[in-house]
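Step one of this worksheet: look at the structure below.
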Amino acid sequence: MTERKIRKSVTELSPIEVYMLLPRTDCKECGEENCMAFAVKLVNREVSLEKCTELKKDKYKDARSKLEELLAPAVKEVTIGSGDSSVKVGGKLVMYRHEFTYHNPTPIAIDVSDDMPINGKNGLLERVKRIESFSYNYIGRSLRLDMIAIRSVSNDPATFKNAVENVVKSTDMPLILCSFDPNVMEAGLVSSYNRRPLIYAATKD
Numbered sequence: 000m001t002e003r004k005i006r007k008s009v010t011e012l013s014p015i016e017v018y019m020l021l022p023r024t025d026c027k028e029c030g031e032e033n034c035m036a037f038a039v040k041l042v043n044r045e046v047s048l049e050k051c052t053e054l055k056k057d058k059y060k061d062a063r064s065k066l067e068e069l070l071a072p073a074v075k076e077v078t079i080g081s082g083d084s085s086v087k088v089g090g091k092l093v094m095y096r097h098e099f100t101y102h103n104p105t106p107i108a109i110d111v112s113d114d115m116p117i118n119g120k121n122g123l124l125e126r127v128k129r130i131e132s133f134s135y136n137y138i139g140r141s142l143r144l145d146m147i148a149i150r151s152v153s154n155d156p157a158t159f160k161n162a163v164e165n166v167v168k169s170t171d172m173p174l175i176l177c178s179f180d181p182n183v184m185e186a187g188l189v190s191s192y193n194r195r196p197l198i199y200a201a202t203k204d
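The numbers in numbering that gives the first Met the number 0 rise by one with no breaks, and the one at position 33 of the sequence shown is 32.
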């Protein structure tokens with residue numbers, strides 16, 4: 000059994016480790032006085048690796064690859080949804096909140112289900128409208144809902160597909176498709192694949 004490689008968190012990463020992989024030419028093209036200053040800012044996530052023009056040269060290809068791996072977030076960033084309405088999750092520089100500030104706040108979703116009537120006072124489309132318009136003022140900030148989860152209660156592919164189609168047509172909010180049945184999930188994805196929904200959930204079976 001192979002040992003899983005544990006990525007270093009931002010609090011464990013040393014500027015010296017980064018500096019040793021930089022070209023160390025002190026060219027100042029990045030806007031810093033020297034490569035060490037640039038390394039410190041890289042570790043603190045104050046600049047991006049792209050600012051080092053020297054690293055784009057072929058002779059630094061291996062070093063660049065190592066730096067990209069070294070500086071990658073401990074928790075991979077994932078984009079859910081498409082366009083301006085998309086949300087990002089993950090991208091955490093550390094595994095535990097007490098180690099460092101978390102970025103990309105956890106998105107909040109409210110669910111609808113495929114057994115709801117499409118129209119009507121308590122129907123699916125009415126609930127989608129309420130989710131979109133929900134706003135709550137908290138300490139001077141306007142908090143809104145970020146996503147809509149569509150649950151398969153019927154466990155019927157056609158019913159789930161119809162519900163997903165109606166939600167897709169009525170909102171641009173990012174979606175979560177919820178079903179343990181692969182056939183039901185496939186039916187939902189057919190109607191929403193271009194919206195890059197989050198899929199919930201896989202089981203050991």
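For each residue, glycine too, the CB sits at the ideal point set by N, CA and C.
Excluding sequence positions up to five before and after residue 145, its CB lies within less than 6 angstroms of the CB of 86, 106, 107, all in the same chain and listed in chain order. The beta strand (DSSP E) runs of length 3 or more contained entirely in the segment 107 to 164 are, from start to end of the chain, 108 to 112, 135 to 137, 140 to 142, 146 to 150. Between residue 150 and residue 110, the C-beta spacing is below 8 angstroms. In this structure the segment 54 to 66 touches the segment 18 to 26; the number of beta carbon pairs closer than 8 angstroms is three or more. Straight through space, the alpha carbons of residue 14 and residue 31 are spaced by roughly 14 angstroms.
In the DSSP assignment, residue 175 is bridged to 148, 197.
Under the three-state reduction of DSSP output, residue 87 falls in the strand class. Of the candidates 39, 75, 131, 60, 131 places its Cα closest to the Cα of residue 84. Between the alpha carbons of residue 124 and residue 72 lies a distance of about 38 angstroms.
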